[in-house]
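Notes follow once the structure below has been shown.
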Amino acid sequence: MIRQYELVERVKEYDPNIDENMLNRAYVFSMKVHGKQVRASGDAYFSHPLEVAGILTNMKMDCDTIVTALLHDTIEDTIATHEQIEELFGADVAKMVDGVTKLSELTYSSESAKQADNFRKFLLAMSHDIRVLLVKLADRLHNMRTLHHIKKPEKRIRIARETLDIYAPLAERIGMQEIKEELEALAFPHVYPEAYESITKRMKQIHASTDGIKDLVISELERLLAEAGIEAEVFGREKRFYSIWRKMTYRHVSLADQADIIAFRIIVDDAETCYRALGVVHGIWQAIPDLIKDYISMPKPNGYQSIHTTVIGPRKKRIEIQIRSSAMDAIAEKGVAAHWLYKQHSSDQEGEQYKWLKDLLEIMEHADGPDEFLEHTKLAMYQNQVFCFTPKGQLVNLPQGATVVDFAYAVHTDVGDSCVGGKVNGNPVPLRSRLGNGDQVEILRSKAQQPSPNWLGFVITGKAKAAIRRFISHKKKDEYQMLGKTLLERAFQIEERELNNKALEICVKNLQLQSIQEVYELVGKGELADRKVLETIYPGIKLNGEHSMLPAKMVDQSSKRVGGDSIPIKGLTPGLAVHMSDCCHPIMGDRIVGIVTTGKGIMVHTIDCESLDVYSDTPEAWLDLSWFPLEDENSIFVSRIELLLQHLPGALASVLTVIAQEKGNISNIKFIERAPELFRIALDIEVRDVKHLTSIIAALRVSESVSSVERAFR
Ligand code: MN
């Protein structure tokens, strides 16, 4: 176990200005709160955060990161609280410890490649600060180093697979080759034991057959480089088993054909010397043209720089040689951490914590292709997204501000079309609720449900919008056709003609329409008058009844419409020729019916409106309607009340004041009757709904000058 003073020494070695006191306090605090907890290995639990801190000192991370490593399991596993850590170690450390805790709570279960990719982005989004991710990677690395202590094989395999799918690629993304390779090497035998065994065996044979090549190449290169006056270090390293195996499985390259089973590396002082060294290499061995890659002039998105070349080496064996400067080598192995280090110790000593991240972003910005850039960089990019889970653990990636309905459509169009509600983390929520990162979302569905136009007011994803619009336009069409058919049936009935397909075909032909359905639709929309249909089919007909001269739509526009474009009535789609009747002034919350009226579309009446008597023997004209729960708070309905007032000075003014106090707006006043002591007036008031009107009437009733007040339906 690393001793307290050792840890401090290690950090001091690369950062003499470290807050020694804070480091010591974190060491003691963590040891104390982890107390007698033990790990699967039987070691004291505290050895784990300490080792994680040790790994991060190898990466030469800053003091806050080392302290975070020491504390990273305290909130989750001990009695320590966020507040306590904030008080003792400051807000920055507390926030980072929180971040690591959150990452640890996420579990990845799916095995699909797309899901793994999403999950990696999710981790990046959740990290906010890349140092949080580095602590998490170091945490995973130590857990992998001690994985063999875990008894249950399923658990070992799960952790190892997660490491291969998620953490090793993440390490690669941020350029940490060393950690990536170690994670893979540790996980490989657990996830693919057979493959591991056979590769181990084959590699032994290959090494036997290429025995001596490694030393031969190294000494040859050293000699020639020295002759050319180039100072260089030359290494040869066996390639990692896991990457050999991956190449075999994904790129179908056989073991024998892998040129880079031993990778040679030439490390020189600077970029310019790299090219000179390349010249030396190509001077002795023939290069394979397609396999020369210059990542110095074109760095990889994660900042990696190097020249790769494959040549026909001694004994006609293909060998791969990488040439890079020592700075490039450090970045290749340690990624962001090394980059930070180099910058930190160069000319400017601003000590800006995030400078290295900015630098990293700069490199990446110059990388090829926007996709790559997105993939590899800016944590900030992921801040505009939310990642949610289905109950089965599938990840769904949505833009920030997405709602339950967006989620439903993202899962499947059918799910969106039939969603009636949702549960977020087990709690029922309205469809318009916005989702947060990591929410688990369950969609409640009903066969009876249909997408509502109101949804367009809050969904934000293109997929949801398109699906809802498509559905509505289909549905509108259906409704226009139904309405048009009803209108024509009535018109024909009045003229005592039979409405049949044969008659309608004449109309289709003469008006050059596509189908009978189109006739219905145009009539329903009010673009074709019923009268015109009759005249087309029966030229010269003398019409008995009254038919609309104008298309229904024009009538609709000239009549008074309230509530704006979206009349919130269930069973209808906005845009139909629907309006509130002038006789009873239905308002939100009234019990209502619709009457299909020739040439006027649908008139909405209150259920007890006197004018409904006229329709008592035409039941087919009646539509059963009800109100949608009001989504739009700006809806206004005009309602009429009648008052009997005492003829006192200021009586009318007091009535108007009461109505204003109740936030009713008077749109019209009419005197009905005047008597010496009393007078009767009718008021048209704009209200939100029945409840609003009731409260106004109640307020008027207690007013001194008001003898009686009633809602008027005529
Ligand atoms: Mn841990």
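The sequence shown begins at 5 in the working numbering and counts up by one.
All C-beta atoms, glycine included, are put in the ideal place defined by N, C-alpha and C.
Assigned exposure category for residue i - 16 Cβ within 10 Å defines buried
i	result
Arg715	buried
Gln326	buried
Pro555	Here the model assigns Pro555 a pLDDT of 38, short of 50, so the residue's position is not dependable, and the following value carries that caveat. By the neighbour-count rule (16 or more Cβ atoms within 10 Å), Pro555 is buried.
Thr204	exposed
Glu13	exposed
Thr622	exposed
Ser712	exposed
Thr381	Legend: pLDDT at Thr381 = 39, less than 50; position of this residue unreliable, no value from coordinates given.
Ile599	buried
Tyr254	exposed
Glu1	Since the displayed the chain opens at 5 and closes at 718, residue 1 lies outside it and no answer follows.
His478	exposed
Asp372	The predicted position of Asp372 is uncertain, since its pLDDT is 43 and thus under 50; a value taken from the coordinates is nonetheless stated next. It is exposed - the Cβ of Asp372 has fewer than 16 other Cβ atoms within 10 Å.
Ser351	Note that Ser351 scores 39 on pLDDT, short of 50, meaning its location in the model is unreliable and no value can be drawn from it.
Thr407	buried
Asn147	buried
Lys564	Model confidence at Lys564 stands at a pLDDT of 32, short of 50, so the residue's coordinates are unreliable; what they give is reported in the following sentence. Lys564 should be labelled exposed.
Lys529	buried
Lys64	buried
Gly544	exposed
Lys480	buried
Leu141	buried
Ser709	buried
Asp77	buried
Ala702	exposed
Asn21	exposed
Nearest neighbour of residue i, chosen from the options [CA to CA]
i	options	result
Val272	Met592, Arg449 and Glu235	Glu235
Val56	Thr85, His38, Ile6 and Asn25	Ile6
Cys588	Thr540, Ile645 and Gly528	Ile645
Arg595	Ser585, Thr610 and Gly605	Thr610
Gly317	Tyr18, Ala702 and Val285	Val285
Asp612	Phe717, Thr661, Phe93 and Ser34	Phe717
Ile288	Pro403, Lys99, Ala48 and Val221	Val221
Arg501	Tyr542, Leu526, Tyr484 and Lys536	Tyr542
Tyr18	Gly39, Val400, Asp66 and Asn147	Asp66
Gly430	Pro395, Lys140 and Asp274	Pro395
Ser4	Arg29, Ile154, Asn505 and Lys140	A query on residue 4 cannot be resolved here, the shown segment of the chain reaching from 5 to 718 and no further.
Gly2	Met252, Gly283 and Ser213	Past the boundaries of the shown model lies residue 2; the chain is included only from 5 to 718, so the question cannot be answered.
Leu3	Ala199, Leu704 and Val195	Any answer about residue 3 is impossible in this case: the structure gives the chain only from 5 up to 718.
Ala533	Ile472, Gly605 and Gln516	Gly605
Ala230	Glu166, Ile670, Ala281 and Phe393	Ala281
Leu27	Val42, Gly58, Gly425 and Tyr49	Gly58
Gln309	Glu337, Glu324 and Arg319	Glu337
Ala48	Thr601, Lys506 and Ser34	Ser34
Glu188	Met207, Ile163 and Ala471	Ile163
Ser223	Phe268, Met252, Pro193 and Arg250	Phe268
Lys36	Leu54, Ile22 and Glu24	Leu54
Phe2	Ala664, Leu652 and Ile640	Residue coverage of the chain in this structure runs from 5 to 718, which leaves residue 2 outside it and unanswerable.
Leu697	Ile520, Phe641 and Ala655	Phe641
Element boundaries [beta strand (DSSP E), containing residue i]
i	result
Leu648	Phe641 to Gln650
Asn672	Asn669 to Arg678
Glu598	Note on residue identity: the sequence assigns Gly, not Glu, to residue 598. Note, Gly598: beta strand (DSSP E), Ile596 to Thr601.
His583	Val582 to Met584
Delimiting residues of the alpha helix (DSSP H) encompassing residue i
i	result
Met607	Where Met607 is concerned, there is no enclosing alpha helix (DSSP H), although the beta strand (DSSP E) it sits in stretches over Gly605 to Thr610.
Glu10	Gln8 to Tyr18
His194	Gln181 to Val195
Val537	Asp534 to Ile541
Asp68	Cys67 to Leu75
Leu682	No alpha helix (DSSP H) contains Leu682, which is instead part of the beta strand (DSSP E) from Leu682 to Val691.
Glu708	That residue, Glu708, is in no alpha helix (DSSP H); it is neither H nor E in DSSP.
Gly103	Ala95 to Glu109
Val238	Counting along the chain, Val238 falls outside any alpha helix (DSSP H), though it belongs to the beta strand (DSSP E) covering Glu237 to Glu242.
Glu614	Where Glu614 is concerned, there is no enclosing alpha helix (DSSP H), given that its DSSP letter is neither H nor E.
Min CB distance residue i to chain B below 9 angstroms
i	result
Gly605	Note that chain B does not occur in the displayed structure, where there is just one protein chain.
query: Should the stretch 133-147 be called in touch with the stretch 96-111, which here means at least 3 C-beta pairs below 8 angstroms?
result: Yes, since at least three Cβ pairs between the stretch 133-147 and the stretch 96-111 fall closer than 8 angstroms, the two stretches touch.
Check whether the stretch 419-437 and the stretch 461-474 are in contact - that is, three or more C-beta pairs closer than 8 angstroms. A contact between stretches requires three or more CB pairs, one per stretch, nearer than 8 angstroms, and the stretch 419-437 meets this requirement with the stretch 461-474.
To test your reading of the DSSP string, which unbroken beta strand (DSSP E) runs of 3 or more residues are found completely within the stretch 382-468?
Scanning the stretch 382-468 for uninterrupted beta strand (DSSP E) segments of 3 residues or longer gives 389-393, 399-403, 423-428, 431-433 and 445-449, listed from N- to C-terminal end.
> Taking the runs of the alpha helix (DSSP H) that are 4 residues or longer, which of them lie wholly in the stretch 137-168?
Replying inline: Counting whole runs of 4 or more residues, the stretch 137-168 contains the alpha helix (DSSP H) stretches 157-166.
* With contact counted as at least three CB pairs below 8 angstroms, one residue from each stretch, are the stretch 483-493 and the stretch 437-450 in contact? -> Under the three-pair Cβ rule at 8 angstroms, the stretch 483-493 does not count as touching the stretch 437-450.
Is the stretch 167-182 close to the stretch 82-91, with three or more CB pairs under 8 angstroms?
No: fewer than three Cβ pairs fall under 8 angstroms.
Do the stretch 198-213 and the stretch 289-296 make contact, defined as three or more Cβ pairs closer than 8 angstroms? Not touching, per the Cβ criterion.
| field | Sequence ranges, alpha helix (DSSP H) only - wholly within the stretch 259-343, length at least 4 | value | Counting whole runs of 4 or more residues, the stretch 259-343 contains the alpha helix (DSSP H) stretches 275-288 and 330-338.
**Entirely enclosed alpha helix (DSSP H) segments - the stretch 465-539, minimum 4 residues** = The qualifying runs are 466-498, 505-514 and 520-529.
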